[in-house]
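Engineer:
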């Protein structure tokens with residue numbers, strides 16, 4: 013039987029429920045994050061920092077050049093391949109960590125205990141469906157952004173030659189485009205996690221999970237977006253604090269400041285590995301409690317009756 017209230021929850025109650033889940037078995041959830049992302053930590057540790065710094069500096073200098081040097085560009089890209097691969101693996105393992113944490117929290121919500129091994133097994137079983145749903149959302153978001161980008165490009169190309177009014181319109185379109193791009197990025201990142209509870213709790217397939225989420229969220233999108241924004245901001249604050257502590261943002265300065273040494277890189281890599289799993293359980297818990305709330309709002313009576321019948325059957 014669910015440990016969450018069988019009634020509609022307010023926005024604050026959803027966040028409070030996520031915090032309570034987070035606190036109940038924090039160390040187990042944290043252990044899930046450490047185990048799941050250990051491989052990405054090792055990959056980061058073996059990156060050649062000096063080559064990375066040289067590639068970033070060369071990329072910045074080349075961007076300021078009037079004539080592109082394609083040979084230099086190819087050399088830079090080849091130097092950055094290990095970093096891209098490490099980033100891809102890190103993103104995938106972080107996503108898998110959230111999936112495993114969602115599985116562990118789902119057991120807790122149903123009144124069971126949190127078992128780290130069982131959480132990984134459940135996550136592994138649900139990975140094909142969960143990954144399919146996540147990739148579908150990401151691809152759909154990219155398609156929308158490309159279509160909007162092409163439309164904005166055509167409009168700006170037409171307006172650019174119409175004088176001062178046209179220039180102002182172009183600036184407005186660019187600002188709106190950047191805002192929409194940021195919104196779509198956050199929406200895609202949030203939905204790629206929000207779709208995990210239907211996959212784990214109801215064992216939905218990829219498309220069924222997306223349909224289930226959108227069906228339940230009908231009329232509650234402000235709450236969904238609110239939980240999404242708060243969860244992602246918490247994750248961003250935690251990871252940003254770790255990078256600021258190690259001084260890694262220096263690589264986003266001028267080419268002359270690209271002097272991150274092996275020790276500083278190792279500290280940044282270790283900080284990201286240790287700190288990021290602190291925020292992931294809140295991310296998973298927020299969307300799991302939100303999914304529970306949406307189910308209760310949409311199907312509250314049926315769920316409560318089902319829970320009551322199960323409880324009475326157990327008492328016999």
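Numbering (my numbering), first residue to last: 13 to 328. The C-beta atom is built at its ideal place from N, Cα and C for all residues, glycine as well.
(1) Can you give me the C-alpha to C-alpha distance between residue 101 and residue 58, rounded to a whole angstrom?
(2) Which residue comes first and which comes last in the alpha helix (DSSP H) that contains residue 28?
(3) With respect to the alpha helix (DSSP H) encompassing residue 211, which residues constitute its N-terminal and C-terminal limits?
(4) Could you tell me how far apart the beta carbons of residue 116 and residue 36 are, in whole angstroms, since I believe they sit closer than 8 Å?
(5) Can you tell me where the alpha helix (DSSP H) with residue 55 in it begins and where it stops?
(6) If you count every other CB in all the chains shown that lies within 10 Å of the CB of residue 149, and 16 or more means buried, which is it?
(7) Only counting the same chain, and skipping five residues up and downstream in sequence, which positions put a Cβ closer than 8 Å to that of residue 120?
(8) What does the Cβ neighbour count give for residue 29, buried or exposed, with the cut at 16 atoms within 10 Å?
(9) So for residue 147, helix, strand or coil by DSSP?
(10) Just to confirm my understanding: we take residue 132, look at its own chain, exclude 5 residues before and 5 after, and list those with CB closer than 6 Å. What are they?
(11) Enumerated in chain order, which unbroken segments of the alpha helix (DSSP H) with a length of 4 residues or greater are wholly contained in the region 94-173?
(12) Looking at C-beta atoms only, is the number of pairs between the region 162-172 and the region 93-109 that lie closer than 8 Å three or more?
(13) Under a Cβ-count criterion, where at least 16 other Cβ atoms within 10 Å of its own Cβ denotes burial, should residue 154 be classed as buried or exposed?
(14) What separation, rounded to the nearest whole angstrom, lies between the Cα atoms of residue 114 and residue 83?
(15) Under a Cβ-count criterion, where at least 16 other Cβ atoms within 10 Å of its own Cβ denotes burial, should residue 210 be classed as buried or exposed?
(16) With 16 other CB atoms within 10 Å as the buried threshold, where does residue 277 fall?
(17) Apply the 10 Å Cβ neighbour rule to residue 299 and answer buried if 16 or more other Cβ atoms are within range, or exposed otherwise.
(18) On a Cα-Cα basis, can you pick out the residue from 229, 224, 293, 214 that is closest to residue 244?
(19) Mind checking whether residue 158 and residue 202 have CB atoms under 9 Å apart?
(20) Considering just the uninterrupted stretch of the alpha helix (DSSP H) at residue 231, what are its terminal residues?
(21) Would you report the Cα separation of residue 8 and residue 273, rounded to the nearest angstrom?
(22) I think residue 221 touches residue 207, with their Cβ atoms under 8 Å apart; what is that distance to the nearest whole Å?
(23) Which one of 89, 212, 183, 192 has the shortest CA to CA distance from residue 138?
Structural biologist: Quick answer:
(1) Here residue 101 refers to the residue found at position 89 of the chain shown. Here residue 58 refers to the residue found at position 46 of the chain shown. Cα to Cα, residue 101 sits roughly 14 Å from residue 58.
(2) Position 16 of the chain shown, counted from the start, is the residue given in the question as residue 28. It spans 23-36 - the alpha helix (DSSP H) in which residue 28 sits, taken as one unbroken run.
(3) Within the chain shown, the letter at position 199 stands for residue 211. From DSSP, the alpha helix (DSSP H) with residue 211 extends over 208-213.
(4) Locating residue 116 in the chain shown gives position 104, where the first residue counts as 1. Locating residue 36 in the chain shown gives position 24, where the first residue counts as 1. No, residue 116 and residue 36 are not in contact; Cβ-Cβ is about 11 Å, not under 8 Å.
(5) Here the question's residue 55 lines up with position 43 in the chain shown. Residues 50-57.
(6) For the purposes of this step, residue 149 is taken as residue 137 along the chain shown, with counting starting at 1. By the neighbour-count rule (16 or more Cβ atoms within 10 Å), residue 149 is buried.
(7) By 1-based counting over the chain shown, the position of residue 120 is 108. Hits under 8 Å: 15, 33, 36, 37, 126.
(8) Within the chain shown, residue 29 is the residue found at index 17, counting from 1. Note on residue 29: 16 or more other CB atoms within 10 angstroms of its CB, so buried under the neighbour-count rule.
(9) Along the chain shown, one-based indexing puts residue 147 at 135. Helix.
(10) Locating residue 132 in the chain shown gives position 120, where the first residue counts as 1. Correct list, in chain order: 112.
(11) 128-171
(12) no
(13) Position 142 of the chain shown holds residue 154. Flag for residue 154 reads exposed.
(14) By 1-based counting over the chain shown, the position of residue 114 is 102. By 1-based counting over the chain shown, the position of residue 83 is 71. If I take the Cα positions, the gap works out to 46 Å.
(15) For this step, residue 210 is matched to residue 198 along the chain shown. With 16 or more Cβ atoms within 10 Å of its Cβ, residue 210 is classed as buried.
(16) Sequence index remark: in the chain shown, residue 277 carries index 265 (1-based). The residue in question, residue 277, is buried, as its Cβ has 16 or more Cβ neighbours within 10 Å.
(17) Position 287 of the chain shown, counted from the first residue, corresponds to residue 299. So residue 299 counts as buried.
(18) Working through the chain shown from its first residue, we reach residue 244 at position 232. Ranking 229, 224, 293, 214 by Cα distance to residue 244 puts 293 first.
(19) Here residue 158 refers to the residue found at position 146 when the chain shown is read from its first residue. Here residue 202 refers to the residue found at position 190 when the chain shown is read from its first residue. No.
(20) Locating residue 231 in the chain shown gives position 219, where the first residue counts as 1. Segment: none, residue 231 is in no alpha helix (DSSP H) and carries neither H nor E.
(21) For the chain, the structure presents residues 13 to 328; residue 8 sits outside this window and is missing.
(22) Indexing the chain shown from 1 puts residue 221 at position 209. Indexing the chain shown from 1 puts residue 207 at position 195. Residue 221 to residue 207, Cβ: 5 Å. Contact.
(23) As a position in the chain shown, residue 138 is number 126, starting the count at 1. That would be 212, whose Cα lies nearest to the Cα of residue 138.
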